[in-house]
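Enquirer: FYI, the numbering for the sequence shown is -22 to -1, 1 to 572, going by mature numbering (1 follows the signal peptide of the UniProt record, and there is no 0). This is the structure I have questions about; it appears just below.
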Amino acid sequence: MKKTYSVLSVCMILLFVGCSDAFLDKAPLDQLSEPTTFTTDANFETYCWGFYNTFPGFDLTPTNNEWNGDLMCQGSGSIGRDWLWQNVVEPNNADSWTDPYERIRRINLMLSNLEGSQLDEEGQKHWRSVGYFFRAYEHFQLLIKYGEFIYLDELVNETDLDVLYGPKTSRDEIAAMMLADLEYAEANIRAEGDNVVDQSVVRALISRFGLFEGTWRKYHSLGDETKYLRASADAGMALAQSFPNLHGNYDQVFNSTNLNGTNGILLYKAYEFDVMMHIHTSRHRNSAGNWDITKRGIDKFLCKDGETIWTSAMFEGDVNAPEDPYTEFRNRDERLYYMTPPPYQVVPTGQKTWEYDPDPKHREYIDLMSTLSDANHKPLPLSNWQGIILKQEPHYRKSNKGQGFMVSYTGYRFHKYYNEFHTGIQNKEYTDFPVFRMGEVLVNLAEALFELGEFDQDAANLTINKLRARGNVAALDIANFVDDPTRDADVDRVLWEIRRERAVELMGEGFRFDDIRRWRKAHEYGALEKLGRYVNNANFGNKLPIQGGASVGFVSPWGVPPGFPEHYYLYPIPLEELALNEKLVQNPGWKRAE
């Protein structure tokens, strides 16, 4: 059962919000249409459509957030990211603080009107479950960033000063109440949900939240992690049994104009041309995307025999000096070819026409992509949004041979969301966005099971090996695999493989920075120099920034960052909130902390 919120829902939201805003001019929020709005099942459904705006569609924030991690960087090369270069300042205000609270108030308003409605007991339980799901989702956004905050489980008004201007709720209480909300929703939501949120979507959030909270508690020494890891694993296991199949083509999960009926998609946001669109694909096909993958990110992709580039006999490149871009890409996890453009070179015969370069090596991956992709997705050679042929990859910002679009600093340009469905019109993209999908659930499940001491070969086959199969990579045999020589010595060898698989499967989706924060590894991985391809700078007019100022070596846009301070693990609470509420204490380590 694949659920969607779509153009129709947006129209309903706009209609309802328009009416509600007009009504608010005449009546207090707490009196919002009680005689008419909160009555029938249809009324509650219409009201709840407004909650879906919380989900990230194809906006730029999740992908941009990847720059704060170790596997991606800002392709403009102009600055390092604030979190890695110790340039974060306490903001006066922040949408990441205020927006969830605005939505929580609307949710609690609906919940406070359930018992006075015309709904029967079953209806009340269902819409309470929907409200609890979204309330937990909003509190989760605050938990991820701030750790502790004022938890709101009931409707508060301007007169409720003890709550509005009270102290933060403890993390123990927050997490327990979130889990209780989600467990109630899992047990009481209708089988078909409200045509969007159903039990599978609730379980997907439990899978995500339980893993985050459980591992944060373990690696930040807070204790009581088992309860949350157990909840994550149980929810993930139920989903793995209910949705045993994945869509066979990884690229099409992110580049389809209709995800309806696609295996492994639990909830997606539907876009439609000239009605509701996004700009994500255009950013991959112009000069404004600025998303790059680092060498560390590329090295996460295994060879097809299931071994790393340092141990596999199938790897044909030089791990220490991989100057030839073609050898590095041979015999690799096929998800790599969807994540960054493989190397090629063609001879343009016009702006939008081309022929093969006389040297046959330059067509190797053109031929490969003709078997892995199609004309609407990632055929080679690539083209910009106008259809102008990109002459070659890698294609550097500082040495672009007159083609200033689709450029990269590291030489590994990120193009996970590249497609050619709508060449000729910029910033009017209509591919659907997967909000919750089984690819994430499976890596959540694998990690939760390992942390619980329950990850065996059956678990590997149920999770990691399904994802490897989609990349045409050999299965993981946990009793007999070659250890990664670059493994973090603090991380168990099997857990390292699970985390590596997570990095590959979810790359560019906004998870990595929060992952290394919950593992308490941001101070280590965030201090690593972000490198690109290994090059001879003379071949690029000596225009590329090379590690250590050398003439031959790895591209390095910024050098070594200063490190990730301990207090950066939690975001600073906005200063305006602290000024309004003297009982609200800043997170430890920030200037205004007490």
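Where a beta carbon is used, it is the ideal one built from N, C-alpha and C, also for glycine.
Would the stretch 409 to 426 and the stretch 475 to 492 be scored as touching if the rule is three or more Cβ pairs under 8 Å?
Expert: yes
Enquirer: Buried or exposed: where does Y560 fall if 16 or more other Cβ atoms within 10 Å of its Cβ makes it buried?
Expert: On the sequence shown, position 582 is the one that residue 560 refers to. The amino acid at residue 560 is misidentified as Tyr; the sequence shows Glu. Answer is exposed; the Cβ neighbour count stays below 16.
Enquirer: In chain order, what residues of the same chain have a beta carbon less than 8 Å from the beta carbon of G242, not counting five sequence neighbours either side?
Expert: Residue 242 sits at position 264 when you count from the first residue of the sequence shown. Cβ neighbours of G242 beyond the five flanking positions: F221, N223, L224, H225, V231, R415, M416 and G417.
Enquirer: Which same chain residues end up closer than 8 Å to L133 when comparing Cβ atoms and leaving out the 5 residues on each side of it in sequence?
Expert: Along the sequence shown, read from residue 1 onward, the residue named residue 133 stands at position 155. Closer than 8 Å at the Cβ level, and outside the excluded window around L133, lie D8, R83, N86, L87, L89 and S90.
Enquirer: On the three-pair Cβ rule with 8 Å, is the stretch 402 to 413 touching the stretch 237 to 257?
Expert: Yes, the stretch 402 to 413 touches the stretch 237 to 257.
Enquirer: Let me know the secondary structure DSSP gives N238 once reduced to three states.
Expert: For the purposes of this step, residue 238 is identified with residue 260 of the sequence shown, where counting begins at 1. If DSSP states are grouped into helix, strand and coil, N238 belongs with coil.
Enquirer: Tell me whether the stretch 95 to 102 and the stretch 138 to 145 touch, counting them as touching only if at least three CB pairs, one residue from each stretch, are closer than 8 Å.
Expert: no
Enquirer: Cα-Cα, which of L548, V179 and V66 is closest to R498?
Expert: Residue mapping note: residue 498 aligns to position 520 of the sequence shown, counting from 1. The residue with the shortest Cα to Cα distance from R498 is L548.
Enquirer: By the 10 Å Cβ neighbour count, where 16 or more other Cβ atoms means buried, how is T327 classified, buried or exposed?
Expert: By one-based count along the sequence shown, residue 327 stands at place 349. In summary, T327 is exposed, with fewer than 16 beta-carbon neighbours lying within 10 Å of its beta-carbon over all protein chains present.
Enquirer: Check each candidate in Q219, K123 and T272 and name the one with the smallest Cα separation from D73.
Expert: Stepping through the sequence shown from its first residue, residue 73 is reached at position 95. Minimum Cα distance to D73 is reached at K123.
Enquirer: From the DSSP output, which residues share a beta bridge with S290?
Expert: For this step, residue 290 is matched to residue 312 along the sequence shown. In DSSP, S290 forms no bridge with anything.
Enquirer: Measuring straight from C-alpha to C-alpha, what distance separates G431 and E44?
Expert: Translated into positions along the sequence shown, residue 431 becomes position 453. Translated into positions along the sequence shown, residue 44 becomes position 66. Roughly 30 Å separates the two Cα atoms.
Enquirer: Taking the beta carbon of A233 as the centre, do at least 16 other beta carbons fall within 10 Å, making it buried, or is it exposed?
Expert: Reading the sequence shown from its first residue, position 255 is the one you call residue 233. It is Asn, not Ala, that sits at residue 233 in the sequence shown. The residue is buried, with at least 16 neighbouring Cβ atoms inside 10 Å.
Enquirer: Nearest-angstrom Cα distance between R310 and F118?
Expert: By 1-based counting over the sequence shown, the position of residue 310 is 332. By 1-based counting over the sequence shown, the position of residue 118 is 140. Each residue's alpha carbon lies about 36 Å from the other.
Enquirer: Check each candidate in P543, F542 and P566 and name the one with the smallest Cα separation from I551.
Expert: Along the sequence shown, one-based indexing puts residue 551 at 573. Checking every option, the nearest Cα to that of I551 belongs to P566.
Enquirer: Quick one: Cα of L120 to Cα of R448, how far?
Expert: In the sequence shown, the residue the question calls residue 120 occupies position 142. In the sequence shown, the residue the question calls residue 448 occupies position 470. The straight-line gap from Cα to Cα measures roughly 34 Å.
Enquirer: Contact check, P319 vs E371 under 8 Å by CB: the rounded distance?
Expert: By 1-based counting over the sequence shown, the position of residue 319 is 341. By 1-based counting over the sequence shown, the position of residue 371 is 393. 4 Å between Cβ atoms; contact.
Enquirer: Return the CA-CA distance between Y322 and L358, expressed in angstroms with no decimal places.
Expert: By one-based count along the sequence shown, residue 322 stands at place 344. By one-based count along the sequence shown, residue 358 stands at place 380. Rounded to the nearest angstrom, the gap between the Cα atoms of Y322 and L358 is 8 Å.
Enquirer: Suppose you measure from the CA of N264 to the CA of P40; what does that come to, to the nearest Å?
Expert: Walking along the sequence shown from the start, residue 264 turns up at place 286. Walking along the sequence shown from the start, residue 40 turns up at place 62. The straight-line gap from Cα to Cα measures roughly 19 Å.
Enquirer: Considering Cα atoms alone, identify which of T76, S260, F251 and W536 is closest to Q404.
Expert: Residue 404 sits at position 426 when you count from the first residue of the sequence shown. When only C-alpha atoms are compared, the closest one is S260.
Enquirer: Nearest by alpha-carbon distance to G380: which of M292, I366 and Y390 is it?
Expert: Here residue 380 is taken as the residue at index 402 of the sequence shown, counted from 1. Proximity to G380 across M292, I366 and Y390 peaks at I366, based on C-alpha coordinates.
Enquirer: Between the C-alpha atoms of T18 and E161, what's the straight-line distance to the nearest angstrom?
Expert: The residue you call residue 18 lines up with position 40 of the sequence shown. The residue you call residue 161 lines up with position 183 of the sequence shown. Taking the straight line joining both Cα atoms gives about 25 Å.
Enquirer: At which residue ranges does the stretch 302 to 329 contain complete beta strand (DSSP E) runs of 3 or more residues, listed in the order of the chain?
Expert: 322 to 328
Enquirer: Measure the Cβ-Cβ separation of Y374 and L522 and say whether it is below 8 Å.
Expert: For the purposes of this step, residue 374 is identified with residue 396 of the sequence shown, where counting begins at 1. For the purposes of this step, residue 522 is identified with residue 544 of the sequence shown, where counting begins at 1. The criterion of a C-beta distance shorter than 8 Å is satisfied by Y374 and L522.
Enquirer: Helix, strand or coil, according to DSSP, for I524 in the structure here?
Expert: As a working mapping, residue 524 is identified with position 546 in the sequence shown. I524 falls in the strand class under three-state DSSP.
Enquirer: Excluding the five sequence neighbours on either side, which residues of its own chain have a C-beta within less than 8 Å of the C-beta of A457, listed in chain order?
Expert: Against the sequence shown, residue 457 aligns to sequence position 479. Once the five neighbours on either side are set aside, the close Cβ partners of A457 are Q435.
Enquirer: Assuming D270 is part of the beta strand (DSSP E), what are its boundary residues?
Expert: As a working mapping, residue 270 is identified with position 292 in the sequence shown. Looking at the DSSP string, the run of the beta strand (DSSP E) that includes D270 is W269 to I271.
Enquirer: Just checking, does the stretch 287 to 294 make contact with the stretch 64 to 72 on the three C-beta pairs under 8 Å criterion?
Expert: no
Enquirer: Would you mind working out which of H393, R181, L556 and Y395 sits nearest V108, comparing C-alpha positions?
Expert: In the sequence shown, residue 108 corresponds to position 130, counting from 1. With distances taken between Cα atoms, V108 lies closest to R181.
Enquirer: Do the stretch 21 to 36 and the stretch 468 to 476 meet, that is, are 3 or more Cβ pairs less than 8 Å apart?
Expert: Contact between the stretch 21 to 36 and the stretch 468 to 476 is absent, because fewer than three Cβ pairs lie under 8 Å.
Enquirer: Taking DSSP's pairing of strands, which residues face C51 in a bridge?
Expert: On the sequence shown, position 73 is the one that residue 51 refers to. C51 is bridged to D270.
Enquirer: D(-2): buried (16+ other C-beta within 10 angstroms of its C-beta) or exposed?
Expert: Start at 1 with the first residue of the sequence shown, and residue -2 comes out as number 21. Low confidence applies here, because D(-2) scores a pLDDT of 36, under 50, leaving its location unreliable; read the following figure in that light. Exposed: under 16 other Cβ atoms inside 10 Å.
Enquirer: Among the candidates R341, K369, E151 and L506, whose CA atom is the shortest distance from the CA of R59?
Expert: By 1-based counting over the sequence shown, the position of residue 59 is 81. Here the closest residue by C-alpha is L506.
Enquirer: By how many angstroms is the C-alpha of L556 removed from the C-alpha of Q564?
Expert: Against the sequence shown, residue 564 aligns to sequence position 586. Against the sequence shown, residue 556 aligns to sequence position 578. Going by the C-alpha atoms only, they are around 7 Å apart.
Enquirer: Sort L38, D461 and A426 by Cα distance to E285 and report the nearest one.
Expert: Translated into positions along the sequence shown, residue 285 becomes position 307. The candidate whose alpha carbon is nearest that of E285 is D461.
Enquirer: So within the stretch 147 to 198, which uninterrupted alpha helix (DSSP H) runs reach at least 4 residues, ignoring any that extend past its ends?
Expert: If one requires a minimum length of 4 residues, the alpha helix (DSSP H) runs lying completely within the stretch 147 to 198 are 149 to 166 and 177 to 197, in chain order.
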